[in-house]
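Peer 1:
In the working numbering, the protein residues as written are 395 to 570.
#1: In the DSSP assignment, find the unbroken beta strand (DSSP E) run with residue 520 in it and report its ends.
#2: Which residue or residues does DSSP assign as beta-bridge partners of residue 483?
#3: Whole-angstrom Cβ separation of residue 499 and residue 425, contact assumed at under 8 Å?
#4: Shortest alpha-carbon distance to residue 513 belongs to which of 470, 436, 419?
#5: Could you check the C-alpha separation between residue 428 and residue 446 for me, to the nearest Å?
#6: Decide if residue 444 is buried, meaning its Cβ has at least 16 other Cβ atoms within 10 Å, or exposed.
#7: In whole angstroms, give me the CA-to-CA distance for residue 531 and residue 537.
#8: Taking the beta strand (DSSP E) that residue 431 falls in, what are its first and last residues?
#9: State the CB to CB distance for the pair residue 518 and residue 502, rounded to an integer number of angstroms; the pair is presumed to be in contact (CB under 8 Å).
#10: Find out if the Cβ-Cβ distance for the pair residue 474, residue 453 is shorter than 8 Å.
#11: Output the distance between the C-alpha atoms of residue 432 and residue 540, rounded to the nearest integer angstrom.
#12: I need the straight-line Cα distance from residue 478 to residue 450, nearest angstrom please.
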């Protein structure tokens, strides 16, 4: 998953289709899950996963309300954010649903859809390469770009510190 100072996401990601907002790298967002596709993603991938890699999913804005979830896959945006599910909470009242707390890792582009059911699985290409900003200024890269890269990297490291608090996976967000 990690390579040097950068993050390397898997080339295949299950996609969480959401109409609630956009996940950005370095941010943490809470998403409600109650559509059949997304419920299958949580139950088959997140709850049965045995490794950190199995908690990495793609988050893509959905162009259609999940209440209208049909067998047809809606047209998807081609750009999304890979994120790590740091918390999964489920309930059966008033109807079965989950709430996910997801921290954004990096952006990706969907290159192809591999399957649509029971949840969407896609071949993806990582777009963000944090290490590109960590190298000394060279052709086309200004000193401001390098400084911005260092600040971005520092923010990212502070925002994605994962710790275990009383047996629960938590995310520590803070800057020095």
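All C-beta atoms in this analysis are idealised placements derived from N, C-alpha and C, irrespective of residue type, glycine included.
The model shown is predicted, which means the values in this text are computed figures rather than measured ones.
Peer 2: Checking against the coordinates, here is how it stands:
#1: The count along the chain shown starts at 1 and reaches residue 520 at position 126. In the DSSP assignment, residue 520 falls within the beta strand (DSSP E) that extends over 514-520.
#2: Stepping through the chain shown from its first residue, residue 483 is reached at position 89. According to DSSP, which records beta bridges pairwise, residue 483 is partnered with 493.
#3: Residue 499 sits at position 105 when you count from the first residue of the chain shown. Residue 425 sits at position 31 when you count from the first residue of the chain shown. About 15 Å separates the two Cβ atoms, so there is no contact after all.
#4: Taking the first residue of the chain shown as 1, we reach residue 513 at position 119. Nearest option by C-alpha distance: 436.
#5: For this step, residue 428 is matched to residue 34 along the chain shown. For this step, residue 446 is matched to residue 52 along the chain shown. Computed Cα separation, rounded: 24 Å.
#6: As a working mapping, residue 444 is identified with position 50 in the chain shown. Result: exposed.
#7: Position 137 of the chain shown, counted from the start, is the residue given in the question as residue 531. Position 143 of the chain shown, counted from the start, is the residue given in the question as residue 537. Its pLDDT being 48, under 50, residue 531 is placed unreliably by the model, and nothing is read from it.
#8: Mapped onto the chain shown, residue 431 falls at position 37. Taken as a continuous stretch (DSSP letters only), residue 431 belongs to no beta strand (DSSP E), being part of the alpha helix (DSSP H) at 430-435.
#9: Position 124 of the chain shown, counted from the first residue, corresponds to residue 518. Position 108 of the chain shown, counted from the first residue, corresponds to residue 502. Contact flag correct, Cβ pair sits at about 4 Å.
#10: Taking the chain shown and counting its residues from 1, one reaches residue 474 at position 80. Taking the chain shown and counting its residues from 1, one reaches residue 453 at position 59. Going by C-beta atoms, residue 474 is nearer than 8 Å to residue 453.
#11: The count along the chain shown starts at 1 and reaches residue 432 at position 38. The count along the chain shown starts at 1 and reaches residue 540 at position 146. Distance between the alpha carbons of residue 432 and residue 540: 39 Å.
#12: Within the chain shown, numbered from 1, the residue matching residue 478 stands at position 84. Within the chain shown, numbered from 1, the residue matching residue 450 stands at position 56. Rounded to whole angstroms, residue 478 and residue 450 show a C-alpha spacing of 4 Å.
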